[in-house]
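A.B. asks: Below is one structure. I have some questions about it.
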Amino acid sequence: MRPVRFLAVFLLAALPLAATAATKTVCQDGGRYRVVSKPTDSVGTDFLVKYTGRGRSIPPCKYVVRPGDFEIRNESAEYFLGLEGPLLILDSGTAPEPRGLIIWDLEKRQKVYTGTYSPPYDIDRDGIAFWMPSGEATDANCPQAAGWRAQGLGAALETQVRLGFSDLKVVPGTATRCSARQ
């Protein structure tokens, strides 16, 4: 009788954990897609893409894989940044910037861009603007570099760029900045 009582107490104690995990599911809708996101047991997020176009009703915000769904399993601590048309834009990493930038084409069901970025970023229907590492910082081109090195940090130059969604090419802008590195 004692093992059964222990099992009942254990199961009752686990119920709040299951409810908490279920409430962490988040949905993003855009174009013809619903992206259902759920955190993994460690770091990062799993993504379940559901097609909602051509008169289909929007499915519930539940992470339940059905035939025709496209599942993107967490590989390197990915997190949702945006959904623009058929493009799912993800952040990747656990450290400070620069971070990973991953773009999935949901129609093709494949990664179409991987690179690095630093915030702030701005996503619109035509592309994403962000800061990209562009060179080594020296005392001559980065006045803050010496101070950061004294604190045990590094420094890098960054250029503001724009990645166009139509061709997935990075176009550098004219703005540059110096950033600390861990």
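Quick note on my numbering: the sequence shown kicks off at 366 and runs consecutively. From the three backbone atoms N, C-alpha and C, an ideal C-beta is built for every residue, glycine too.
Quick one: what does DSSP say glycine 480 is sitting in, helix, strand or coil?
C.D. replies: Of the three classes helix, strand and coil, the one that applies to glycine 480 here is strand, per DSSP.
A.B. asks: For tyrosine 482 and proline 463, which I take to be in contact (beta-carbon distance under 8 angstroms), what is that distance rounded to the nearest angstrom?
C.D. replies: 6 angstroms
A.B. asks: Leaving out five residues before and five after glutamate 436 in sequence, what residues of the same chain have Cβ atoms less than 8 angstroms from its Cβ?
C.D. replies: By the criterion of a C-beta distance shorter than 8 angstroms, glutamate 436 is surrounded in its chain by Asp411, Phe412, Leu413, Val414 and Val430, once the five residues flanking it on both sides are discounted.
A.B. asks: State yes or no: is the C-beta of glycine 447 within less than 7 angstroms of the C-beta of isoleucine 488?
C.D. replies: yes
A.B. asks: Spatial neighbours of glycine 458 within its chain, please: CB distance less than 6 angstroms, with the 5 preceding and 5 following residues excluded, ordered by chain position.
C.D. replies: Ala442, Arg464 and Gly465
A.B. asks: Less than 7 angstroms between C-beta atoms, sequence neighbours within five positions excluded: which residues of the same chain meet that for arginine 546?
C.D. replies: Leu518, Gly519, Ala520 and Ala521
A.B. asks: For arginine 527, I'd like the list of residues in its chain whose CB is within less than 6 angstroms of its CB, leaving aside the five on either flank, ordered along the chain.
C.D. replies: Gly492, Ala494 and Val536
A.B. asks: Are the CB atoms of glycine 396 and glycine 433 nearer to each other than 7 angstroms?
C.D. replies: No, the Cβ-Cβ distance between glycine 396 and glycine 433 is not below 7 angstroms.
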